[in-house]
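For the sequence shown, the working numbering assigns the number 29 to the initial residue and increments by one for each residue that follows. Data first, discussion second: the structure below is written as structure tokens.
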Amino acid sequence: MKKLFSRSFVVLLIFVLALSSSSAFAATDHREILNTNQAKIQATTPVPSEAEAYSRMIALQGQYPEGMPWTNANEYTSKSSGYITYVGLGCVAFAYILSDAAFGDLPFSQHNDQNRIRVGDILRVNNNTHSVIVLEVRPTELVIAEGNYNSSIHWGRTLQRNGLVTDYIMTRYDPNSSPSIPSIPSQPQQPVDTTNTTPIYRLYNPLTFEHLYTSDQHESTELAAHHGWNDESIGWYAPKSGTPVYRIYNPVLADHLYTTDENEVHELTTSHGWQSDNNGQPLFYSGGNVDIYRMYNPITGRHHLTKDPYEYIVLYTQGWTPEGVKLNSVG
């Protein structure tokens, strides 16, 4: 038994040396050290859900705020268990800090299958020069947090999944597990007559993690050009008439709510601190045979609208509360 352990120890040592020499950047922002502390071999932390991982990472925003200076002078050693101790500088250090907050002492494993990316995974990108950690997994993009991005900490930048190149992916989930994705409801696909519809523009604020929807193209252009919002193009097409949709705003949560329920508007604006938007007039109209789903995030207090049933399902697996179909559109 002792001989077998010694042989395994040598194999691991060779693996670590090979891993350390496999990249010209290994010496600049991360290194792997063979762990000889037997007490750290076994993990004691249970595997969290993706919603739990997200909430634990987001809870560190106060301690590591947006724009906080962060360079390779910042070093951190991960608390992960296993035969390798991971030490990071700069971007890697910050990724390890958030990862430890989410996963405790669970061990790392590596793969490079982008279809298996989950909340809390660390991605090595930019030709093996930068590490980011995943906050949200969406159908077409990833929301990330990162250190040493322009020499500072940044929350909420998005990476488009199409064309994304990863050098490797570090995860602390069971390699054999995956999120449970329920079946996706079908949506009728019909050509949209844009001459008789109103495009609803969708924007995303990477600082507050809020999505905003508007029928006002000028508002969309202004927010994207001058106020830090990301233009996510057209969310759906609304009818020119139908059931009025109202937008109200909560200044404490920095969140907008969209509803066709005038009683809900009255109750929230008179008794719960919400404010009428668009001078109390309908922002656009609901109607048509394409469902618009509404989700609620109990951690951030955010609401989200989407006509994409796949996005609806993915957010559900990440801890969002489904509120069902709240609006309809023509496409």
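The beta carbon of each residue, even a glycine, is placed where N, CA and C say it ideally should be.
Looking at C-alpha atoms only, which residue of the options is the closest neighbour of residue i?
| i | options | result |
| --- | --- | --- |
| G359 | V293, Y229, N100, A252 | Y229 |
| Y277 | A252, Y241, S248 | Y241 |
| M323 | G315, I125, Q309, I341 | I341 |
| G315 | D283, T297, S357, H331 | S357 |
| Y338 | H331, R330, G329, Y321 | Y321 |
| P272 | V165, L163, I161, L355 | L355 |
| S108 | H139, F131, N102 | F131 |
| G148 | T199, N204, I181 | T199 |
| A79 | Q142, G90, E164, D57 | E164 |
| S261 | H254, H255, A282, H239 | H239 |
| P310 | E103, E290, T249, M85 | E290 |
| N15 | G90, L192, D141 | With the chain covering only 29 through 359, there is no way to say anything about residue 15. |
| N317 | G308, H332, V353 | V353 |
| H284 | H255, L333, V162, T298 | L333 |
| R144 | N156, A129, R166, D259 | R166 |
| K146 | T297, N204, D319, S179 | A small fix is needed here, since residue 146 is Arg in this sequence, not Lys. Per the Cα distances, N204. |
| S179 | E351, T287, T298, N102 | N102 |
| Q142 | V162, T72, A129, T113 | V162 |
| T56 | S137, E94, T157, N140 | T157 |
| M85 | G308, V171, K335 | V171 |
| V120 | H255, Q89, I150 | I150 |
| T113 | G90, S137, A129, D336 | S137 |
| A282 | L235, H139, N140, A129 | L235 |
| A81 | Q89, L296, A129 | A129 |
Tell me which same chain residues have a C-beta within less than 7 Å of the C-beta of residue i, skipping the five on either side of it?
| i | result |
| --- | --- |
| R152 | S159, T194, D195, Y196 |
| S83 | I327 |
| V75 | L134, Y201, D202 |
| N306 | R275 |
| M169 | The amino acid occupying residue 169 in the given sequence is Glu; Met does not appear at that position. Closer than 7 Å at the Cβ level, and outside the excluded window around E169, lie T186, L187, Q188, R189. |
| F237 | G184, T328, R330 |
| G270 | Y313, S314, G315 |
| E351 | R322, M323, Y324 |
| Q89 | W183 |
| E94 | I181, H182, W183, L235 |
Could you check where the beta strand (DSSP E) with residue i kicks off and where it finishes?
| i | result |
| --- | --- |
| E381 | Not covered by the structure: residue 381. The range shown for the chain is 29 to 359. |
| D283 | 283–287 |
| E153 | Correcting the residue identity first, residue 153 is Val in this sequence and not Glu. Residues 150–153. |
| Q188 | 182–188 |
| L231 | 225–233 |
| T334 | 331–334 |
| E351 | 349–357 |
| E169 | 169–174 |
| S137 | 137–139 |
| L251 | Premise fails: L251 lies in the alpha helix (DSSP H), 245–254, not in any beta strand (DSSP E). |
| P272 | 271–278 |
| D319 | 318–324 |
| M198 | 196–199 |
| T241 | Looking at the sequence provided, one finds Tyr at residue 241 rather than Thr. Its beta strand (DSSP E) spans residues 238–242. |
| E103 | 103–105 |
Take the Cβ of residue i as the centre, count every other Cβ of all protein chains shown within 10 Å, and call the residue buried at 16 or more, exposed below.
| i | result |
| --- | --- |
| A87 | exposed |
| I61 | exposed |
| V280 | exposed |
| H294 | exposed |
| N246 | It is His, not Asn, that sits at residue 246 in the sequence shown. Result: exposed. |
| D202 | exposed |
| N325 | buried |
| G118 | buried |
| T249 | exposed |
| A253 | exposed |
| T223 | exposed |
| T72 | exposed |
| T287 | buried |
Ordered along the chain, which non-local residues of its own chain (more than five positions away) have a Cβ less than 8 Å from that of residue i?
| i | result |
| --- | --- |
| T226 | S243, Y265, A266, P267, K268, F312, Y313 |
| H139 | Y196, I197, T199, P203 |
Give the range of the alpha helix (DSSP H) segment to which residue i is assigned.
| i | result |
| --- | --- |
| T298 | 290–299 |
| F131 | 119–131 |
| S314 | It is not in any alpha helix (DSSP H) - S314 instead sits in the beta strand (DSSP E) that spans 312–314. |
| T72 | Here T72 belongs to no alpha helix (DSSP H), and DSSP marks it neither H nor E. |
| Y344 | 337–345 |
| S159 | Run containing S159: none in the alpha helix (DSSP H); it sits in the beta strand (DSSP E), 158–165. |
| T56 | 54–57 |
Within a Cβ cutoff of 6 Å, which residues of the same chain sit near residue i, ignoring the five residues on either side of it in sequence?
| i | result |
| --- | --- |
| L251 | L231, W257 |
| V115 | R59, T105 |
| N233 | W257 |
| Y360 | This structure does not reach residue 360, given that the chain is present from 29 up to 359, and the question cannot be answered. |
Cβ-heavy atom distance between residue i and the ligand GTP below 7 Å?
| i | result |
| --- | --- |
| I181 | Of the ligands one can find in the structure shown there are none, so the ligand GTP has no counterpart to examine. |
Does the contact criterion of 3 or more C-beta pairs under 8 Å hold for the stretch 264–272 versus the stretch 342–351?
At 8 Å Cβ cutoff, the stretches do not touch.
Contact the stretch 121–136 vs the stretch 297–308: 3+ CB pairs below 8 Å
Taking 8 Å as the limit for Cβ pairs, the verdict is that the stretch 297–308 does not touch the stretch 121–136.
Touching or not, the stretch 157–177 and the stretch 90–103, by the rule of three or more beta carbon pairs under 8 Å?
In this structure the stretch 157–177 touches the stretch 90–103; the number of beta carbon pairs closer than 8 Å is three or more.
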